[in-house]
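Structure record follows, encoded as structure tokens.
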């Protein structure tokens, strides 16, 4: 099948597909997979793109994104998008294939073409310090998008090509982000189960979990994995504890989520975020802070919120003292 389409390898540029994938990976990691799947399918049908070349273009866009993404959080986001979200998207896209078409065979052919782009793949492997195609093949195989025969054949070809690839300049002791992201995905599920348990009598277990998440770049890895698998909103919607230490940790984590992935979840934290956090160096009074209190929210919650607000927005004891007329709030500092 590959030889019958070899002449098409020189005309595989489909910029619309490339642009949609790049836009989704850069701007909409937390979005649901279904609208993205429908967009891709619409473009494929309207432009009458051959199935194997369409899938090839999706993978090319992902590889380019891995290479060009800025280091740090953006790199983690794109890694999660490529290795977690895209295989799930392809699994849903498979349902749009016609009855006389074999999705698995088309995907295998797309990978065959992708393996011919050796310089691009070598560049991605150098950037990520791992075998990117090998990991992608494993993820597709888990979702039954590739047969065992196709998997073994493609892995063998890429392994042979990598024998002649430039060696990474970074230390081999550095753990590759793709591997960390793939290990973080099941951890997210376990953390959500832990947070759903009742910790009112013994919060030490939850405190230990949250504390571990804040070490190193664990939080960024877990958030990226949660965003790519559609679990970020579930994580951000968990109720904050009224205990001081748990609240401090969970509130700071919510702040980080809002700053990194935006505020798409309409919950109490977002009401506070939009209504109470000062902008442009302007501080809000406690009257304004307490003015957003609506619904069944405990006063203790707001006292702790005020404490966090004062800690974050004041620089000296004299500034805090200027709030002394609100003693009911200051006693919690």
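In the working numbering, the protein residues as written are 25 to 357.
The C-beta atom is built at its ideal place from N, Cα and C for all residues, glycine as well.
Neighbourhood of residue i by C-beta distance below 7 Å, restricted to the same chain and skipping five residues each side
i: residue 318; result: At residue 318 the pLDDT is 45, less than 50, meaning the model places this residue with poor confidence and gives no usable figure here.
i: residue 134; result: 76, 79, 80, 83
Chain-order list of residues whose beta-carbon lies under 6 Å from that of residue i (same chain, five-residue window excluded)
i: residue 118; result: 127
i: residue 249; result: 104, 205, 208, 209, 212
i: residue 38; result: 73, 81
i: residue 177; result: none
i: residue 65; result: 120
i: residue 244; result: 97, 100
i: residue 174; result: 132
C-beta contact flag for residue i and residue j at 8 Å
i: residue 144; j: residue 205; result: no
i: residue 41; j: residue 61; result: no
i: residue 170; j: residue 108; result: no
i: residue 191; j: residue 157; result: no
i: residue 56; j: residue 254; result: yes
i: residue 160; j: residue 179; result: no
i: residue 51; j: residue 85; result: no
Residue i (DSSP reduced to helix, strand or coil)
i: residue 168; result: coil
i: residue 154; result: coil
i: residue 265; result: Only weak support is given to the placement of residue 265: the predicted model assigns it a pLDDT of 48, under 50, and the value that follows is read from those uncertain coordinates. The answer is coil: DSSP assigns residue 265 none of H, G, I, E or B.
i: residue 52; result: coil
i: residue 147; result: helix
i: residue 188; result: coil
i: residue 121; result: coil
i: residue 284; result: helix
i: residue 253; result: coil
i: residue 95; result: coil
i: residue 68; result: helix
i: residue 37; result: coil
i: residue 200; result: coil
i: residue 74; result: coil
i: residue 14; result: Lying before the first or after the last residue shown, residue 14 is absent from the chain, which here runs from 25 to 357.
i: residue 140; result: coil
i: residue 241; result: coil
i: residue 176; result: helix
i: residue 126; result: coil
Nearest-angstrom beta carbon gap, residue j and residue i [assumed within contact, 8 Å]
i: residue 22; j: residue 63; result: Within the shown structure, residues of the chain are numbered from 25 to 357, placing residue 22 beyond reach of any answer.
i: residue 200; j: residue 152; result: 5 Å
i: residue 246; j: residue 284; result: Incorrect: roughly 12 Å between the Cβ atoms, too far for contact.
i: residue 53; j: residue 251; result: 5 Å
i: residue 216; j: residue 258; result: 6 Å
Cβ neighbours of residue i in the same chain (closer than 8 Å, five flanking residues each side left out)
i: residue 116; result: 57, 58, 61
Note to self: For the structure I just gave you, are there three or more beta carbon pairs, one from the region 173-187 and one from the region 145-163, closer than 8 Å?
What the structure shows: Contact holds: three or more Cβ-Cβ distances are below 8 Å.
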